[in-house]
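First comes the structure, then the notes that go with it.
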């Protein structure tokens, strides 16, 4: 019995304590209608009938801009660690992310006529990495956090209660609806949010 | 002997039975823009006060150089996961119920659009 149970115990220990595989799938929004790009001169009413309410909106100097988006994010990671055995002296991790989506942007003048339209589709490698980390795991090899956040409308009421750099830069914040808009994952270290020092 | 059996049973329980998870996250304003409600609105006649009375405070008010837009958003995420220790899978599906209303400089409704997703709608 002793000889038979030892391999089972060892196998279970190896499976349970040494490795783990994680898969995360994020679906944000639904696919956009498969229509041709709206023509210049299309009215706001026609655009709303065709596409529904936009997810993002902002005033512009010449009118306003509306955007519709859909994201699908696939995040895979595998890790090997002895940490659960109390010997957290070494861990090895691998992870990668793929990002698929589409974004449709329409601009309108003050007479509610479309002045421009653009649409993009992408299916890209979104990053990833490998790590061998002794003692403590400092680095997450894959992170989709900046792509999966809530839409900015939720923060509109509290937009003036940010840290001071963010509040002072509110006039340039794309979440305000007054200063343009930006896609998910746009870096904040450069551009109109750089003064917020996030 | 009894201890070994107990150990194996414990490991099997943890390693093979695993766990499952299900969660839901809701944020935003209450969804009051059902068709039965918005049918009471008429483009060119209804006012901003009418919309606010029917739908309540919006998620965002956007000033458009004389015009204004009210944006209502309700965001719902549903997730489910399988946690088997050695293999873990999570899936998170987010839907945006939303409505947008445009008003001219006299606060008259000029355009609007709404969307509410059915639970199983892709």
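Chains as they are written, first to last, in the numbering used here: chain W, 8 to 205; chain D, 112 to 233. Virtual Cβ for every residue (Gly too), placed ideally from N, Cα, C.
Amino acids of chain W, ordered along the chain, whose beta-carbon sits closer than 7 Å to that of residue i
i, result
"residue 115 of chain D", "12"
"residue 171 of chain D", "160, 163, 184"
"residue 163 of chain D", "Near residue 163 of chain D there are no residues of chain W at all, since even the closest Cβ is about 15 Å away, more than 7 Å."
"residue 216 of chain D", "None at all; the shortest Cβ gap to chain W is about 11 Å."
"residue 180 of chain D", "64"
Exposure label - residue i; buried when at least 16 CB within 10 Å
i, result
"residue 68 of chain W", "exposed"
"residue 185 of chain D", "buried"
"residue 197 of chain W", "exposed"
"residue 104 of chain W", "buried"
"residue 40 of chain W", "exposed"
"residue 141 of chain D", "exposed"
"residue 150 of chain D", "exposed"
"residue 170 of chain D", "buried"
"residue 205 of chain D", "buried"
"residue 174 of chain W", "exposed"
"residue 80 of chain W", "buried"
"residue 129 of chain W", "exposed"
"residue 132 of chain D", "exposed"
"residue 110 of chain W", "buried"
"residue 138 of chain D", "exposed"
"residue 139 of chain W", "exposed"
"residue 71 of chain W", "buried"
"residue 145 of chain D", "exposed"
"residue 84 of chain W", "buried"
"residue 151 of chain W", "buried"
"residue 141 of chain W", "exposed"
"residue 135 of chain D", "exposed"
"residue 225 of chain D", "buried"
"residue 43 of chain W", "exposed"
"residue 16 of chain W", "exposed"
"residue 168 of chain W", "exposed"
Distance between beta carbons of residue j and residue i, contact taken as under 8 Å
i, j, result
"residue 192 of chain W", "residue 65 of chain W", "Rounded, the Cβ-Cβ distance is 18 Å, inconsistent with contact."
"residue 180 of chain W", "residue 166 of chain W", "7 Å"
"residue 197 of chain D", "residue 28 of chain W", "7 Å"
"residue 123 of chain W", "residue 47 of chain W", "7 Å"
"residue 148 of chain W", "residue 131 of chain W", "Wrong, their Cβ atoms sit about 17 Å apart, outside the cutoff."
"residue 36 of chain W", "residue 207 of chain D", "6 Å"
"residue 63 of chain W", "residue 188 of chain W", "5 Å"
"residue 200 of chain D", "residue 30 of chain W", "5 Å"
"residue 182 of chain D", "residue 160 of chain W", "6 Å"
"residue 209 of chain D", "residue 38 of chain W", "The Cβ separation is near 16 Å, so there is no contact."
Chain-ordered neighbours of residue i on chain W, where CB pairs are closer than 9 Å
i, result
"residue 155 of chain D", "The premise fails here: residue 155 of chain D is roughly 11 Å from chain W at the closest Cβ pair, so nothing lies under 9 Å."
"residue 159 of chain D", "Those do not exist, as residue 159 of chain D stays about 16 Å from chain W at its closest Cβ, beyond 9 Å."
"residue 147 of chain D", "What residue 147 of chain D touches in chain W: nothing, since even the nearest Cβ is about 18 Å away."
Under 7 Å by beta carbon: chain D residues contacting residue i
i, result
"residue 60 of chain W", "209, 210, 211, 224, 225, 226"
"residue 49 of chain W", "Within chain D, no residue comes near residue 49 of chain W; the closest Cβ sits about 13 Å away, beyond 7 Å."
"residue 71 of chain W", "175"
"residue 128 of chain W", "By Cβ distance, chain D contributes nothing, its closest Cβ being about 18 Å from residue 128 of chain W, past 7 Å."
"residue 55 of chain W", "222, 224"
"residue 52 of chain W", "222"
Contacts of residue i in chain W (Cβ-Cβ under 8 Å)
i, result
"residue 139 of chain D", "160, 161"
"residue 203 of chain D", "31, 32, 33, 34, 155"
"residue 119 of chain D", "12, 15, 16, 19"
"residue 186 of chain D", "157, 158, 161"
Amino acids of chain D, ordered along the chain, whose beta-carbon sits closer than 9 Å to that of residue i
i, result
"residue 117 of chain W", "175, 176, 177, 178"
### Query
Quick one: any contact between the stretch 219-233 of chain D and the stretch 150-157 of chain D, if contact means 3 or more CB pairs under 8 Å?
yes
### Task
Kindly confirm or deny that the stretch 151-161 of chain W and the stretch 116-132 of chain W touch, where touching means at least three C-beta pairs closer than 8 Å.
no
#### Entry: Segments assigned beta strand (DSSP E), at least 3 residues, entirely inside the stretch 73-138 of chain W
Look at the stretch 73-138 of chain W and you find these whole runs of beta strand (DSSP E), each 3 residues long or longer: 98-116.
### Query
Is the stretch 54-63 of chain W touching the stretch 209-218 of chain D, taking contact as three or more C-beta pairs under 8 Å?
yes
#### Entry: Uninterrupted beta strand (DSSP E) stretches inside the stretch 39-75 of chain W (no shorter than 3 residues)
63-67
### Query
Which runs of the alpha helix (DSSP H) fall wholly inside the stretch 151-176 of chain W and span at least 4 residues, in chain order?
DSSP runs (the alpha helix (DSSP H)) wholly in the stretch 151-176 of chain W: 171-175.
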